[in-house]
Structure formats: structure tokens, C-alpha cells
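Asks:
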Amino acid sequence: MTRAAMAVLAATLVWSAAERQVYGQAAPQKKVKDQGEYDLYNNAVKETDPAKKLQYVNQWAEKYPETDFKEERLQLYDQLNQPAKVVELGQKLLASDPKSLVALTLVAGNVQKLPSPTPDQIGAAQKASQTLLDSLDSLKPAGTADSAWQQVRPKLETLAKGTQMWIVDKPGQDAVQRKDYVAAEQAFTKALQQYPDNAQFAYQLGSALVSQRNADKFPQAIYEIARAVATDPAKGGLPGETRTQVDAYLNRIYTQYHGADDEGLKQLKQLALTSPFPPASFKLKTANEIAAEKEQEFREKNPQLALWMGIKKQLTDTNGEQYFEMAMKGADVPKLKGTLVEAKPACRPKELTVALSDATHAEITLKLDMALAGKPKTGVVFQFKGVPSTFTKDPFMVTMDAERGNLEGLDTEACAAAAPARRAGARRAAKKK
């Protein structure tokens with residue numbers, strides 16, 4: 001078979017015109033061994049039924065294992081979706097011709113089609129893809145136009161990089177399939193160390209950590225997912241719709257763990273961009289930790305109100321009446337602070353209603369041992385000490401017996417003088433005038 005005939009046959013095996021030019025450069029010395037090889041190859045190329053086509057290619061490979069047209073045979077196996085054959089024969093071809101662009105490309109691309117590639121097959125693809133990345137321009141076939149090469153070159157580079165990423169990613173993906181999330185964590189950690197700007201690896205590491213259901217690992221998981229979201233898509237970040245979905249997921253798990261905190265989440269994303277892994281000092285507080293800190297701060301700043309809120313929580317619980325009878329009634333309750341809502345009567349009262357949780361809703365009624373010596377002003381905050389005597393849950397009210405001397409800070413004013421009574425005789429006298 002002539003070089004021209006082989007070039008025509010090769011042109012049917014690839015896609016674009018540029019690719020046909022790149023991959024169709026048959027060497028002048030290529031020749032079939034005999035008419036039998038020519039017939040098998042010609043039948044394989046022209047056959048349209050995939051099953052029959054594969055039979056012809058297998059017969060050709062069996063009868064003519066050594067041939068000048070190994071690259072063409074490799075392309076036929078690739079067309080027929082026979083990845084194991086492609087990798088096997090591609091390795092053999094590369095052993096004799098390490099710069100075969102066809103073999104390098106097809107070995108790198110076909111390993112991903114294998115359901116369970118062996119370490120040897122993965123190693124072959126790793127080596128082929130690395131060779132493409134390291135020596136791509138030197139692999140340009142002689143006689144290929146620069147314009148055609150510039151069209152094909154980016155595809156080859158993308159293929160090689162994709163294969164490299166796939167090889168690094170595969171151990172973690174396999175571990176996830178086995179639901180071995182600890183192994184997945186280790187694999188994705190290694191992948192992220194190798195490709196620190198890869199947002200996909202950061203997200204997968206975060207997901208593996210979340211899947212372990214270990215609360216101690218949630219902060220790092222959230223950090224990694226925040227990094228995946230914050231990374232610019234133009235610099236290795238997640239693509240559009242995926243990024244939007246992961247961002248929504250990040251907001252959900254961040255809020256569940258830490259509580260709603262838009263500014264805190266924004267700062268976390270900024271921090272996550274500085275390093276693929278959280279710094280040693282990184283700490284993400286849980287919502288419970290934050291609540292406990294706020295409660296402690298509240299107690300320190302408002303000890304009397306905090307005391308009352310604790311008491312009221314017990315009283316409003318299911319067993320509130322029992323708690324009052326056993327723990328409060330007749331007890332020496334520490335001094336409390338509240339706002340005077342009403343005095344009964346308004347002048348010289350012996351009963352005061354007091355609001356503690358806010359400034360308007362009465363919660364305690366103080367029954368005084370002695371009437372006050374004036375008219376107390378409502379809305380005034382004062383301190384008091386009393387002994388609980390009765391409690392009603394609905395409406396909520398605690399009644400305390402209190403001594404007048406245990407009230408501090410009440411603002412009172414003099415009661416208005418009563419108008420003098422007029423005598424009936426005086427009224428009659430006025431009428432006579």
C-alpha cells in the first residue's frame with residue numbers, strides 16, 4: 001500500500017481537518033507486509049458494523065502483531081471503544097517509539113474509560129500525559145502546518161492536564177464509593193497538596209470531612225468548602241452553576257454549625273483564599289459556644305436579671321408549680337431589680353407590681369409589711385428583696401412578702417392633700433344670698 005493510500009485511510013479515523021493533518025502524517029517508509037494485511041486493514045476501515053469492524057481489527061492484530069501501521073490500528077481500537085486494548089497496544093508502541101503522538105494521546109485519554117484500571121495502566125497514562133505536558137511542541141509531527149497544530153495543541157494540553165487531575169482524584173473518588181471517608185480525606189488532602197489552587201479538590205476534601213460526622217472536623221470541612229466557593233473560576237474555581245449550588249450548601253452548613261453570621265462567613269471566605277488548609281490557630285465556634293459566651297457576658301453585666309431569667313425559666317417549665325413549692329416558696333431569694341408597674345393604692349400603697357424581664361409586664365407582686373409613706377412613681381427601676389409566698393402560672397405572677405425597708409431606689413412624692421369637706425349649713429347660707 002502506498003503512503004497516499006494510507007493517508008486517506010488514516011484521515012477517516014479522526015475528527016477535524018486540523019486533527020486529520022496532525023494525525024495523518026504517515027511516514028514514507030510505511031508499507032503493508034502483504035496483500036493479506038492490506039485486505040484486513042482495508043476491511044477494518046471500510047466496515048460500518050462495529051462488531052464486524054472489531055473482528056477485522058482483532059484478526060489484523062493477531063495475524064500481524066508487528067506492522068508499520070500500529071498507530072492506525074490504535075486509532076481503530078479507540079474508535080471501537082476498546083480502552084484496554086488501546087492502553088495495552090499503546091504501551092507497546094511507546095516502548096519502541098516514545099514520541100508517538102497518537103499513542104501518547106490515546107493512552108492518556110483511554111485510561112479514564114476503564115472501569116477498574118490497574119496500577120500499571122494508571123502508570124502508563126500518568127507517564128503519557130506527563131510526556132505530553134513536558135514535550136508537547138517537540139511532538140508536533142513533521143509536515144504539520146502551524147495553523148493546524150495551533151488548533152490541536154490546546155486540546156492535547158487539556159487532555160493531558162485532565163488525565164493528570166483524574167489520576168490524582170481517583171483514589172479519593174474510589175474511597176467515597178466505598179464510603180471510606182477517612183481514606184477519602186487522606187486522598188483528597190494529598191490531591192490538594194499537589195494542586196493547592198484546585199477548588200474541586202478543596203470541595204471534595206470538605207465533603208469527605210462532613211461525611212465522617214465528626215464534629216471536631218466540621219470547622220476544617222467548612223473552611224475547605226468556603227475555599228472552593230471563594231476561588232475565582234478563572235483561577236481554578238468551580239464553574240457557574242456548580243459554584244452557586246455549593247455556595248448555598250456552604251451557607252446552610254455554616255449557619256447550622258456557627259449560627260447566622262453573614263460578616264463572619266465573608267471573613268471566612270477571605271481567610272480560606274490565603275491557604276489551601278486552615279492555619280493552626282483557626283477556630284470556628286459552634287452556635288452553642290457562642291450562645292454560652294453571650295449568656296456568660298449577660299450574667300456578668302446583668303447578674304440580677306440573669307438570676308430572674310433562670311428562675312422564670314424553671315417556673316414556666318412543665319413542672320413549674322412543683323419547682324415553686326419545693327425550691328422557692330419561703331426561700332431567701334437574692335435581691336432582684338425591676339421596674340415599678342403599679343402601686344395599690346397609688347398613694348401610701350401596701351402592694352406593688354413589678355416588671356423584671358422588660359419594663360411593662362408585671363411578673364412579681366410585692367405585699368409590704370407597712371404602707372409606703374408617699375406616692376411611688378411608676379416606671380422607676382428599683383431593687384427589692386422578698387420571700388415568695390404564692391405563684392400562678394397563667395397568668396404568670398409570683399407573689400412575695402416584703403419589708404418596706406428592703407426596697408431600694410423607689411422614687412416617691414407626697415400624696416396630694418384631700419380637699420376639706422364643706423358644711424351643709426354654709427351651702428344653705430350661700431343660697432339665701
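Under the UniProt record's numbering, the residues of the sequence shown are numbered 1 to 433, in order.
No residue lacks a Cβ here, since even glycine has one placed at the ideal position from N, Cα and C.
The model shown is predicted, which means the values in this text are computed figures rather than measured ones.
For the alpha helix (DSSP H) containing residue 163, name the first residue and the last one.
Replies: In the DSSP assignment, residue 163 falls within the unbroken alpha helix (DSSP H) covering 146–177.
Asks: What residue does the beta strand (DSSP E) around residue 383 start on, and which one ends it?
Replies: 381–384
Asks: For a test of the three-state rule: what should DSSP assign to residue 392, helix, strand or coil?
Replies: strand
Asks: Per DSSP, what kind of secondary structure is residue 26 in: helix, strand or coil?
Replies: Below a pLDDT of 50, predicted positions are generally treated as unreliable, and residue 26, at 45, falls in that range; no measurement from the model is reported.
Asks: What's the call for residue 392, buried or exposed, on a 16-neighbour Cβ count within 10 Å?
Replies: So residue 392 ends up on the exposed side.
Asks: Could you tell me whether the Cβ atoms of residue 119 and residue 111 are closer together than 7 Å?
Replies: no
Asks: Go through its chain and collect everything with a Cβ distance to residue 183's Cβ below 7 Å, but skip five positions before and after it.
Replies: 175
Asks: By Cβ distance below 6 Å, which residues in the same chain neighbour residue 93 in space, the five residues on each side in sequence not counted?
Replies: 70, 100, 103
Asks: What does a CB cutoff of less than 7 Å around residue 413 pick up in its chain, not counting 5 residues either side in sequence?
Replies: Exclusion of the five residues before and after residue 413 leaves 374, 375, 377 as the residues of its chain whose Cβ lies within less than 7 Å of its Cβ.
Asks: Nearest by alpha-carbon distance to residue 223: which of 241, 202, 239 is it?
Replies: 202
Asks: Which runs of the alpha helix (DSSP H) spanning at least 4 residues fall entirely within the segment 70–150, listed in chain order?
Replies: Taking only runs of at least 4 residues, the alpha helix (DSSP H) segments lying wholly in the segment 70–150 are 70–79, 83–96, 101–110, 119–135.
Asks: Mind checking who residue 413 pairs with in its DSSP beta bridge?
Replies: 375
Asks: Is there contact here, the segment 230–243 with the segment 295–312, by at least three beta-carbon pairs under 8 Å?
Replies: no
Asks: Measuring CB to CB, does residue 339 end up less than 7 Å from residue 381?
Replies: yes
Asks: Name, in chain order, the residues that DSSP records as bridge partners for residue 498.
Replies: In the structure as shown, the chain begins at 1 and stops at 433. Residue 498 is therefore absent and cannot be evaluated.
Asks: Using the C-alpha atoms, what's the distance from residue 164 back to residue 130?
Replies: Whole-angstrom Cα-Cα distance: 8 Å.
Asks: Does DSSP put residue 255 in a helix, in a strand, or in coil?
Replies: Here residue 255 sits in helix by DSSP.
Asks: Which whole-angstrom value is the C-beta distance of residue 89 and residue 74, which I expect to be below 8 Å?
Replies: 6 Å
Asks: So the candidates are 364, 258, 158; which of them puts its Cα closest to the Cα of residue 387?
Replies: Selected option, being the one with the closest Cα: 364.
Asks: In terms of alpha-carbon separation, which member of 173, 158, 323, 41 lies closest to residue 204?
Replies: 173
Asks: Which of the three DSSP states, helix, strand or coil, is assigned to residue 400?
Replies: In the structure shown, residue 400 sits in a strand (DSSP, three-state: E or B).
Asks: Taking the C-alpha atoms as reference points, what is the distance between residue 17 and residue 148?
Replies: Confidence in residue 17 is poor, its pLDDT being 49 and thus under 50, which makes the residue's placement too unreliable to answer from.
Asks: Give the secondary structure of residue 362 by DSSP, where H, G and I count as helix, E and B as strand, and everything else as coil.
Replies: strand
Asks: What is the DSSP secondary structure of residue 221, counted as helix, strand or coil?
Replies: Looking at residue 221 - three-state DSSP - the assignment turns out to be helix.
Asks: Name the one or two DSSP bridge partners that residue 450 has.
Replies: Here the chain has residues from 1 to 433 only, and residue 450 is not among them.
Asks: Roughly how many whole angstroms lie between the Cα atoms of residue 262 and residue 254?
Replies: 10 Å
Asks: To the nearest angstrom, how far is it from the Cα of residue 46 to the Cα of residue 132?
Replies: Taking the straight line from one Cα to the other gives about 31 Å.
Asks: Using the rule of at least 16 other Cβ atoms within 10 Å of the residue's Cβ for burial, across every protein chain shown, is residue 207 buried or exposed?
Replies: buried
Asks: Per DSSP, which residues does residue 408 bridge with? Please list them.
Replies: 383
Asks: Between which two residues does the alpha helix (DSSP H) containing residue 189 stretch?
Replies: 181–194
Asks: When you compare only the Cα positions, how much space is there between residue 187 and residue 180?
Replies: 11 Å
Asks: As a quick exercise: from 158, 66, 402, 272, pick the residue whose alpha carbon is nearest that of residue 330.
Replies: Measuring from the Cα of residue 330, the nearest candidate turns out to be 402.
Asks: Is it true that the CB of residue 278 sits closer than 7 Å to the CB of residue 220?
Replies: yes
Asks: Got a sec: does the ligand SAH put a non-hydrogen atom nearer than 6 Å to the Cβ of residue 117?
Replies: This structure simply doesn't include the ligand SAH, nor any ligand for that matter.
Asks: Starting from residue 307, trace the alpha helix (DSSP H) both ways and give me its first and last residue.
Replies: 303–316
Asks: Residues in its own chain within less than 8 Å of residue 32 by CB, not counting five upstream and five downstream?
Replies: Hits under 8 Å: 1, 38, 41, 67, 68, 69.
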